[in-house]
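Below: the structure, in structure tokens.
Residue numbers (the working numbering), protein chains in the order written: chain A, 177 to 461; chain B, 904 to 1175; chain C, 46 to 328.
Here's what the structure looks like:
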């Protein structure tokens, strides 16, 4: 059963003039079909302005399709009566760690979602403890968020979503403002949530090194999905990725350079070990 | 570095007073401040002094921190004292050139100064022993009944707590933008008042833009986490009175009674 | 010799509970025309260090000489230094405030007290240097895309005609396209204008292609100061302080460990591929 299912989804940003008439429309998401299975780890890759964030906001019903449909766990996002259920099913983590933490103390922030859901107090505490432990931030429960590093803040934000017990978490460029250590921290946390608790993860990013371990990768450009497949499939199209000016892992690039120079290597090499192994075979023959 | 500065002036010492329900402290401070105005006899002020001193002692906050609040009103304090000293009519005690100091003047000056100092220390005691967060919670709960007359108490409290979270962030941002503009040769110090105000534009515009962007982001994040007003919300840290809070209320009542009694003693003639 | 730093120390909140020794006994020489990368993780002191270069922060102890003049001397003209050492902060687009891009770029030169004509000439020149198209000049800075805003902000510094350009994480938050564009533009600037460029970053892979010298900062101190290849040779030590060498360094190391006759100091994909090909032909 698919947890997120989009059919011919399109979204227009509409600019209104002072009298409220439509002044201009620009299509941000264009004719997108997307199927995500429960428990998947999927990544959406693309430049700024490719429509990937707009698409992400649909999954949380922060935006509603202009055309086409989007079902989250069988619920139509256009149905206003289901909006709070949908937001509970699909939690969302945003880019700027400072601008999504509401509480002045870590545990209070994590409790914010469950409080909104009207959950009894004992259970809130239980959920806060569980989710802070699952992101490894339990020791920081009584800290002020202002004193945490970027990566820690994002983990608190993730805990805040986890405490709502969603089936799916959408992360909209959660690492764009972090340093390399913070980035690793966040991606590791997300992967563990996916692996241990089988939460569906939809990761929006422009860093290719974060998508390599995803089950499936979608590449977006100008509102459309232009490439999709497993990371290996997507990264075997080195020339196409280069044309779209997306990053390719250095190992994959090196393999590609060697291929061009006539070394018989397979497509889609993603790790150092793979390349070393393939080169060993070449050298033997 | 600005993020390290705690807003307000909370001094964590973990005393009983720190652990009291913020509503008790709010009520206590209010009652104390009113009592300073309501009772004017020397006896009453002796009681008020003893009460304040014992509270400071129990709170285990160093006196140094209490005095900090006084610095900002030092000028006011001097000004009113001098004013009272020379301008209150009465029996002349000392005469300096054309100015005369009267007995009533001395009395008033001392009395007003003491009152002002107690006011400041009394309210500092509350902010020093209560986190801004608790204070917000306490206000929300204490003002709860106002909901019936359509005062948006929950919203006001939420705004206050969000402000508490963002003030340090915006302070740091101000510092950053200021430096960035200084790197472009901006000058925030010299010039007259109008010049100075004009020079603030390169600082204020980016700051407002940033504040609005943050507000926008935050609203979206709150919505995404299911926030839809105070209706149907539960609280993970609801305020509940403990035994010690009841005891504190009793002590407070005792203080008020004592003030009444002291006031009626009349050993020293009333000042006014 | 453009900049000489001698035994620089900076301590935040000296004598207070939050005291932090951010820069510790740093001595560096930065000759004219170099393209330098400063690398370090958050809190390594790199941002604090560069704010000393244009006098925005004053050292707790130590001296900085700019063109052999002590910038802490009594009669030193600090404002002058600010225009000679241009400092582009992280997320510089947050400093844009004017109604249009062009006027914003004029802010710096205007503060230098230049004539209107000269100011405008410099603004044009700076905007051309960062490669921003003319149709954006009269637009509100808030209407531009992230990458364009950043260019406009960098132009705001370039318009002051600095001799040294210092950029703190100029690619933070940009997508790969925006990142490459900005870095290429900076490299071009360095080549054509012959100005000294100091690039602060936490990504080795990003700057390995561009810079001729890397300074690695850790806990307020200079840990390495050498060519990229020689710095990456210390990849194990770099890892211990939370930094990493480019992926190709690890690849070459892995091949070397498996008995390949390859040199391990490749810093770019091209170098790595070339080295492997050479080994394949010879072996």
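Just so you know, even glycine gets a beta-carbon here, dropped at the ideal spot from N, CA and C. Owing to the predicted nature of the structure, the values given are computational and were not obtained by experimental measurement.
Cβ pair residue i, residue j closer than 8 Å
i               : j               : result
residue 362(A)  : residue 219(A)  : no
residue 1022(B) : residue 936(B)  : yes
residue 1147(B) : residue 919(B)  : yes
residue 262(C)  : residue 85(C)   : yes
residue 269(A)  : residue 333(A)  : yes
residue 284(A)  : residue 1139(B) : yes
residue 303(A)  : residue 290(A)  : yes
residue 83(C)   : residue 260(C)  : yes
residue 139(C)  : residue 1113(B) : yes
residue 183(C)  : residue 213(C)  : no
residue 340(A)  : residue 384(A)  : no
residue 441(A)  : residue 452(A)  : no
residue 1152(B) : residue 927(B)  : yes
residue 1076(B) : residue 1110(B) : yes
residue 273(C)  : residue 286(C)  : no
residue 251(C)  : residue 216(C)  : yes
residue 1040(B) : residue 925(B)  : yes
residue 259(A)  : residue 248(A)  : no
Pick from the options that is closest to residue i, judged by C-alpha positions
i               : options                           : result
residue 1125(B) : 251(A), 278(A), 262(A)            : 278(A)
residue 54(C)   : 48(C), 64(C), 69(C)               : 69(C)
residue 376(A)  : 434(A), 382(A), 392(A), 452(A)    : 392(A)
residue 929(B)  : 1005(B), 979(B), 1015(B), 1037(B) : 1037(B)
residue 366(A)  : 347(A), 352(A), 353(A)            : 347(A)
residue 413(A)  : 400(A), 209(A), 395(A)            : 395(A)
residue 187(A)  : 309(A), 329(A), 243(A)            : 243(A)
residue 93(C)   : 317(C), 167(C), 314(C), 211(C)    : 211(C)
residue 439(A)  : 309(C), 306(C), 67(C), 324(C)     : 324(C)
residue 159(C)  : 120(C), 128(C), 175(C)            : 128(C)
residue 154(C)  : 200(C), 118(C), 134(C), 311(C)    : 200(C)
residue 47(C)   : 56(C), 73(C), 58(C)               : 73(C)
residue 185(A)  : 227(A), 431(A), 260(A)            : 227(A)
residue 275(C)  : 287(C), 311(C), 87(C), 307(C)     : 311(C)
residue 195(C)  : 71(C), 87(C), 137(C)              : 137(C)
residue 280(A)  : 315(A), 313(A), 323(A)            : 323(A)
residue 223(A)  : 404(A), 398(A), 443(A)            : 398(A)
residue 277(C)  : 266(C), 109(C), 264(C), 297(C)    : 297(C)
residue 1028(B) : 972(B), 987(B), 1061(B), 1006(B)  : 972(B)
residue 105(C)  : 112(C), 58(C), 133(C), 223(C)     : 58(C)
residue 266(C)  : 234(C), 91(C), 318(C)             : 91(C)
Terminal residues of the alpha helix (DSSP H) in which residue i lies
i               : result
residue 460(A)  : 448-460
residue 935(B)  : 925-941
residue 75(C)   : Where residue 75(C) is concerned, there is no enclosing alpha helix (DSSP H), although the beta strand (DSSP E) it sits in stretches over 65-75.
residue 56(C)   : Taken as a continuous stretch (DSSP letters only), residue 56(C) belongs to no alpha helix (DSSP H), being part of the beta strand (DSSP E) at 48-57.
residue 164(C)  : 161-174
residue 288(A)  : 282-292
residue 1111(B) : 1104-1127
residue 93(C)   : 91-98
residue 316(A)  : Unbroken run through residue 316(A): none, as it is neither H nor E.
residue 322(C)  : 314-327
residue 79(C)   : From DSSP, residue 79(C) is part of no alpha helix (DSSP H); its letter is neither H nor E.
residue 302(C)  : 292-302
Unbroken beta strand (DSSP E) run spanning residue i, endpoints
i               : result
residue 210(C)  : 209-213
residue 1177(B) : Not covered by the structure: residue 1177(B). The range shown for chain B is 904 to 1175.
residue 199(A)  : 198-213
residue 184(A)  : 178-192
residue 270(C)  : 266-271
residue 380(A)  : 376-381
residue 220(A)  : 217-221
The ligand ADP heavy atom lying under 7 Å from the CB of residue i
i              : result
residue 923(B) : With respect to the ligand ADP, the structure shown offers nothing to examine, as it has no ligands at all.
- Which parts of the region 1038-1096 of chain B are runs of the alpha helix (DSSP H), unbroken and 4 residues or longer, counting only runs that do not cross its ends? 1056-1086
- Cβ contact check for the region 145-155 of chain C and the region 204-214 of chain C: 3 or more pairs under 8 Å: yes
- Query: Does the region 1090-1104 of chain B touch the region 232-239 of chain A, meaning 3 or more C-beta pairs lie closer than 8 Å?
  - Reply: no
- Does the region 1043-1061 of chain B come close enough to the region 954-970 of chain B that 3 or more CB-CB pairs lie under 8 Å? no
- Message: Does the contact criterion of 3 or more C-beta pairs under 8 Å hold for the region 166-184 of chain C versus the region 1123-1139 of chain B?
- Response: no
- Query: Which parts of the region 960-1006 of chain B are runs of the beta strand (DSSP E), unbroken and 3 residues or longer, counting only runs that do not cross its ends?
  - Reply: 995-999, 1002-1005
- Message: To test your reading of the DSSP string, which unbroken beta strand (DSSP E) runs of 3 or more residues are found completely within the region 387-419 of chain A?
- Response: 392-397, 400-405
- Task: Only counting runs of 3 or more residues, tell me where the beta strand (DSSP E) segments fall wholly within the region 105-162 of chain C, in order along the chain.
- Result: 106-111, 130-133
- Message: Closer than 8 Å is the cut-off here; do at least three beta carbon pairs connect the region 305-318 of chain A with the region 189-200 of chain A?
- Response: no
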